[in-house]
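Structure first, then comments.
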Amino acid sequence: MLEATTLRDLAIFTGYSHIGSCREFVWIPGDVIGRKQLPSRFVIRGLTCEYEVEALMIRKDLYLRTETGKEYVVTNFQITDITDIENISGVAENCSLLFEKFPEMKTVSDGERVIISKQAQVMAFQAMSNVVNQVKAGHGIDPKGAREVTSLLVEEILKAPDAMMNLIDIKSFDDYTFTHNINVATLCLIIGQSMGLSQEDLFDLGLGGLLHDIGKLKVSLSILNKDGKLTDAEFTEMKRHPTYGYEILCRSKDISERARMVPLSHHEKFQGKGYPKGLKGEAIPLFGRICAIADVYDALTTDRPYRVAMAPHEAMKIVTSGIDTQFDPKILTVFLHKMSLYPSGSLVLLNDGSVGLVLKANPKTVLRPTIKLLKNAQGERLKTRTEIDLMKTSNLFIAGPANRNLLNVTTSKVG
Ligand SMILES: [Fe+2]
1 MLEATTLRDL AIFTGYSHIG SCREFVWIPG DVIGRKQLPS RFVIRGLTCE
51 YEVEALMIRK DLYLRTETGK EYVVTNFQIT DITDIENISG VAENCSLLFE
101 KFPEMKTVSD GERVIISKQA QVMAFQAMSN VVNQVKAGHG IDPKGAREVT
151 SLLVEEILKA PDAMMNLIDI KSFDDYTFTH NINVATLCLI IGQSMGLSQE
201 DLFDLGLGGL LHDIGKLKVS LSILNKDGKL TDAEFTEMKR HPTYGYEILC
251 RSKDISERAR MVPLSHHEKF QGKGYPKGLK GEAIPLFGRI CAIADVYDAL
301 TTDRPYRVAM APHEAMKIVT SGIDTQFDPK ILTVFLHKMS LYPSGSLVLL
351 NDGSVGLVLK ANPKTVLRPT IKLLKNAQGE RLKTRTEIDL MKTSNLFIAG
401 PANRNLLNVT TSKVG
């Protein structure tokens with residue numbers, strides 16, 4: 001809980017969350033009555049919100065930055081009063097300094113996973129929030145924050161050269177607008193790094209990835225969030241967002257032409273028939289070809305207003321089906337080898353009906369990790385530790401993910 005000494009400091013906040021950004025956040029610590037700590041209340045003023053007001057009835061983390069530069073996280077805030085959009089109020093369980101809440105601020109790599117640090121995630125929120133506000137206000141954008149985030153992402157990706165990707169780790173925020181941007185930038189960088197791109201190349205690729213959909217800010221929300229098929233006219237407008245994005249970025253001299261080409265070309269298809277130009281093959285800029293894969297994969301694995309997110313292995317099947325038409329096959333191959341479909345700790349169902357726990361992903365073949373067998377084909381729980389390297393078993397393979405609840409096992413207690 002907040003200490004009284006920091007309260008004055010906390011009274012004026014700029015906040016960032018998946019609901020948008022706010023000009024001022026006032027925290028009112030809950031009283032202690034006897035031994036009982038009442039929940040703290042807060043008021044958010046001047047909220048810039050990306051969504052319909054009804055969508056605010058949620059619980060999530062809110063990131064705050066004081067005027068003195070201190071960063072805090074409010075956990076599990078719940079909006080309780082939305083009658084006055086200028087003064088939204090709610091309750092929250094906790095508020096603590098970001099560094100205290102997330103001691104793992106530095107990149108963590110256990111040799112298999114890349115975890116984008118909270119610091120980078122928060123910076124991305126702030127940077128994107130600023131850019132979004134600038135575009136909405138009709139100003140040219142100042143990409144300073146976006147450049148700083150990209151440098152940090154490149155640094156973090158380069159620190160873990162053999163890392164495989166577990167997307168669950170970077171899906172810490174629910175907000176599609178913000179999460180999607182950072183996910184796409186991260187995926188682009190992972191692919192680019194595997195392809196041996198230089199640090200300078202990675203920077204332009206990452207920055208382009210972060211801003212790839214910036215042109216959507218010029219497309220109306222009723223089209224973007226439409227629950228159902230777009231009309232021809234709506235689809236035509238939607239297809240303008242790459243060009244809008246390019247035009248927005250052209251108004252800033254601190255963004256290279258290579259980075260600007262990412263928004264412009266991320267919907268081109270390798271065999272043609274994409275938009276806006278219908279380019280083919282290597283006529284599509286390399287960074288655009290990389291971003292196309294990252295964009296589609298992340299979109300499929302994220303909840304959208306019109307669709308529930310797919311599991312990584314299902315999304316991977318769809319992405320792979322585009323190998324002959326939509327995507328550059330060489331880049332897609334790099335991507336497939338990098339992705340950890342069944343990350344350590346996930347439960348898998350094998351083709352003979354047995355169930356295993358993934359111990360270690362195999363960088364060469366994502367579908368054949370080393371597993372520990374938990375239940376045999378007859379459904380019996382195994383008492384002795386049986387490890388299987390699926391690379392070495394030709395007749396045994398993963399049929400799909402296993403449902404943890406159904407099995408009544410907790411991965412953290414096993415292994
Ligand atoms: Fe797009």
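Here the working numbering is used: position 272 in the sequence shown is 272, and no number is missing along the way. All C-beta atoms in this analysis are idealised placements derived from N, C-alpha and C, irrespective of residue type, glycine included.
In the three-state DSSP reduction, Ala92 falls in the strand class (E or B). Annotation for Val135: Ile141, Ile214, Leu217 and Ile248 place their beta carbon closer than 7 Å to its own, counting only its chain and skipping 5 residues before and after. Distance between Thr386 and Leu373, taken at the CA atoms: about 6 Å. In the displayed model, Glu237 falls within a helix according to three-state DSSP. Membership of Asp389 in the beta strand (DSSP E) is indicated by the continuous run Glu387 to Asp389. Less than 8 Å divides the Cβ of Glu234 from the Cβ of Lys226.
DSSP places Ile223 inside the alpha helix (DSSP H), whose first and last residues are Leu221 to Leu224. When C-beta atoms of the segment 148-157 are compared with those of the segment 120-138, three or more pairs fall below 8 Å, so the two segments count as touching. Closest by C-alpha distance to Tyr244, out of Lys253, Phe125, Val262 and Ser256, is Val262. Minimum Cα-Cα distance from His337 among the listed residues Met195, Lys277, Ile255 and Ile318 corresponds to Met195. Rounded to the nearest angstrom, the Cβ distance from Leu205 to Leu211 is 11 Å, too far for a contact under 8 Å. Cβ contact annotation for Ser252 (same chain, cutoff 8 Å, sequence separation greater than five): Gly140, Ile141, Asp142 and Pro143, in chain order. The criterion of a C-beta distance shorter than 8 Å is satisfied by Gly356 and Ile388.
Contact check for Ser265 against Gly281 fails: the beta carbons are separated by 8 Å or more. In the three-state reduction of the DSSP assignment, Phe25 falls in the strand class. Annotation for Asp298: Leu167, His180, Asn183, Val184 and Leu187 place their beta carbon closer than 8 Å to its own, counting only its chain and skipping 5 residues before and after. Collapsing the DSSP output to three states places Met123 in a helix. Ranked by Cα distance from Ser89, the first of Pro39, Gly272 and Met391 is Pro39. Within the DSSP secondary-structure output, Met261 pairs in no beta bridge.
Per the C-alpha coordinates, the member of Pro276, Gln193, Gly192 and Leu350 positioned closest to Ala377 is Leu350. Each residue's CA atom was taken as its position, placing Lys383 and Phe203 some 50 Å apart.
Exclusion of His337 from the 7 Å shell around ligand 1 follows from its C-beta lying no nearer than that to any non-hydrogen atom of the ligand.
Only residues of its own chain outside the window of five on either side were considered, and among them Ala377 have a CB closer than 7 Å to the CB of Gly353, listed in chain order.
Going by DSSP, Thr384 is part of no beta strand (DSSP E) at all; its letter is neither H nor E.
Less than 8 Å separates the beta-carbon of Tyr246 from that of Arg260. Relative to the non-hydrogen atoms of ligand 1, the Cβ of His266 comes within a distance shorter than 7 Å of at least one. Only exposed fits Pro329, as fewer than 16 other CB atoms lie within 10 angstroms of its CB. Going by DSSP, Gly356 is part of the beta strand (DSSP E) stretching over Val355 to Lys360. Exposure of Phe397 is indicated by the presence of fewer than 16 other C-beta atoms within 10 angstroms of its C-beta. Between Thr325 and Ala315, the C-beta spacing is not below 8 Å.
If you draw a 10 Å sphere on the C-beta of Asp254, you find fewer than 16 other C-beta atoms in it, and that means exposed.
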